[in-house]
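As numbered in my numbering, the sequence shown has no gaps in its residue numbers, which increase by one up to the final residue, 589. Cβ coordinates follow ideal geometry from the N, Cα and C atoms, glycine included.
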Amino acid sequence: MGSPRLAIARRELGSLRKEKTIVLALAIQLFVAAFSSFLVVGLVSLYDPGAASYQVDVAVAGDEEAVEDLLRAVGTEDGLSGRPYSSTSAAMTAFQERQVDAVLEASTGEDGRIRVAAVAPDTGVETTAVVVRLRDALRELERNERAERSAFLATDPLSLPPAAESSPYFGFTYTVLVPLLLFLPVFISGSLVVDSLTEEVARGTLELLRVAPVSFAAVVDGKLLAAGGLAPVQAVAWMLLLQLNGSTIESVPWLFGMVAGLSAVVVTLGAAVAITSPDRRVAQLLYSIGVLLVFAGTSLLPLSPANTAARLALGTAGVGAKVAVAGLVFVGVVALVGLRFVVDRVDPNELG
């Protein structure tokens, strides 16, 4: 009488731990979503340092005419202000005393070209923002000089198309945030399948499941459906939340199909690894390496998962992207069928 009760207790303990794992995974993602605004601002600063609202004060010194041109270029850039100094030594003193964030020394050569030497902090969080601001100012100076000296050219240069102003949050949302929210549930689902199957073997609760009128294949299918079915539903929920937040998401059904196909491939990989290598640590390591290899390999393709997801969300996906989604769903179905053949040839008594 003691052995069946002990097995039931183990089974209940294992189920409780799995439920806690799923709840913890959802809680982590919910925690990330709750601070999404702060995360977006911080990640956009890394994605595009020029988008950070950081004021940079620049000391400008050198030849008078070159300094005027440089100050004009600096004044056109947002978040950048120039202060003229009488000499380079005075500008460097202000820089060392932290009165300014950078120094620009402009000089005019004998050939009439303007040469600029820039001094920026070599360490610190603000270094990247300062360098990006200075780069934009020097590009503006170059454009101004080209426009002013175009009259001396033998042929008329082609006119440039009008500059398009776009928010860095737009590019970050569709190229980074959308793929992250779509693929993160897929990774977690595959990991849950690995943990679920390996824990059944490690805790001996797989024997109790075999007493029930279900086959080993049915047990594996149930775990795949529970973990893999959650990923596409959660991904669509993320897309709907982005829409409520003001970000337009197109082709939601195609995104659902893409995540469903990818989820089928990943959870199949996790189940195959867990069956062939029931040790949890080894299985998780092999699963992680396999997922990294799959995504690293597909990222080299023109229609990589991240690129396809961004195009679908933007509504600019052509026939090729939709064919790629259909192909991914087909590969997912083939993977599930292949896993069934593997499971049918595995003896549950040899696991462990």
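To the nearest angstrom, report how far apart residue i and residue j are at their CA atoms.
i, j, result
"proline 461", "valine 504", "It is worth fixing the name first, because residue 461 is leucine in this sequence and not proline. Distance between the alpha carbons of leucine 461 and valine 504: 6 Å."
"valine 369", "leucine 341", "14 Å"
"arginine 372", "isoleucine 351", "15 Å"
"alanine 327", "alanine 298", "9 Å"
"threonine 345", "alanine 331", "23 Å"
"alanine 558", "alanine 355", "45 Å"
"alanine 366", "valine 566", "43 Å"
"proline 469", "aspartate 581", "27 Å"
"phenylalanine 453", "phenylalanine 409", "45 Å"
"valine 363", "glycine 319", "The residue you asked about is not valine; residue 363 is glutamate in the sequence shown. Roughly 17 Å between the two C-alpha positions."
"valine 528", "asparagine 482", "31 Å"
"valine 473", "proline 399", "37 Å"
"valine 325", "valine 337", "The displayed chain sequence assigns threonine, not valine, to residue 325. Those two C-alpha atoms are separated by around 13 Å."
"alanine 303", "glutamine 333", "23 Å"
"threonine 513", "alanine 455", "17 Å"
"alanine 339", "arginine 309", "17 Å"
"aspartate 458", "aspartate 315", "57 Å"
"leucine 478", "valine 519", "37 Å"
"arginine 577", "leucine 538", "29 Å"
"serine 396", "glutamate 347", "29 Å"
"methionine 329", "glycine 498", "59 Å"
"glycine 349", "arginine 376", "18 Å"
"serine 323", "alanine 343", "12 Å"
"threonine 313", "arginine 335", "23 Å"
"glycine 555", "valine 579", "37 Å"
With a threshold of 6 Å on Cβ separation, who are the neighbours of residue i within its own chain once the five nearest residues in sequence on each side are excluded?
i, result
"leucine 418", "Trp475"
"valine 531", "none"
"threonine 545", "Ala558 and Ala561"
"alanine 391", "none"
"phenylalanine 493", "Pro469 and Val473"
"phenylalanine 420", "none"
"proline 490", "none"
"tyrosine 411", "Ala547, Ala550 and Leu551"
"glutamine 480", "Ile486"
Ignore the nearest five residues each way along the sequence and tell me which others in residue i's own chain have a CB closer than 8 Å to its CB.
i, result
"aspartate 393", "Ser387"
"arginine 517", "Val431, Asp432, Thr435, Glu436 and Ala439"
"valine 502", "Val531, Leu565, Val568, Gly569 and Ala572"
"tyrosine 284", "At tyrosine 284, the pLDDT of 49 sits below 50, so the modelled position is not reliable; the number obtained from the coordinates is stated separately. Closer than 8 Å at the Cβ level, and outside the excluded window around tyrosine 284, lie Pro405, Gly408, Phe409 and Val413."
"alanine 533", "none"
"valine 583", "Phe453 and Ile512"
So, for residue i: in the same chain, excluding its five sequence neighbours on each side, which residues have a beta-carbon less than 7 Å away from its beta-carbon?
i, result
"leucine 317", "Val293, Val295, Val311, Arg370 and Ala374"
"threonine 535", "Ser541 and Pro542"
"serine 500", "Val423, Ser426, Gly465, Ala468 and Pro469"
"proline 321", "Val297, Val304 and Leu308"
Throw me the rounded Cβ distance for the residue i and residue j pair, which I believe falls under 8 Å.
i, j, result
"leucine 467", "proline 422", "7 Å"
"proline 358", "alanine 547", "Contact flag wrong, Cβ pair sits at about 35 Å."
"threonine 562", "methionine 495", "In the sequence as presented, threonine is not what sits at residue 562; that position holds valine. That pair is a contact at about 5 Å."
"aspartate 300", "leucine 378", "That belief does not hold up - the Cβ atoms of aspartate 300 and leucine 378 are roughly 14 Å apart, past 8 Å."
Query raised in the report: Touching or not, the region 547–560 and the region 484–492, by the rule of three or more beta carbon pairs under 8 Å?
Result: yes
Requested in this report: Examine the Cβ distances between the region 461–477 and the region 374–389 and report whether three or more of them are shorter than 8 Å.
Outcome: no
Requested in this report: Tell me, please, whether the region 492–509 touches the region 559–576 by the rule of three or more beta-carbon pairs shorter than 8 Å.
Outcome: yes
Requested in this report: Check whether the region 428–440 touches the region 520–527, taking contact to mean three or more Cβ pairs, one atom from each stretch, closer than 8 Å.
Outcome: yes
**Report entry** Contained alpha helix (DSSP H) runs [length at least 4] in the region 498–546, N- to C-terminal order
**Finding:** Those alpha helix (DSSP H) runs which fall completely within the region 498–546 and span 4+ residues are 517–535.
**Report entry** Within the region 379–434, ranges of the alpha helix (DSSP H) (whole runs, at least 4 residues)
**Finding:** Considered as a whole, the region 379–434 harbours 405–409 as its complete alpha helix (DSSP H) runs of no fewer than 4 residues, in chain order.
Query raised in the report: Which residue spans inside the region 287–323 form an unbroken alpha helix (DSSP H) run of at least 4?
Result: For the region 287–323, whole alpha helix (DSSP H) runs of length 4 or above, ordered along the chain, are 301–312.
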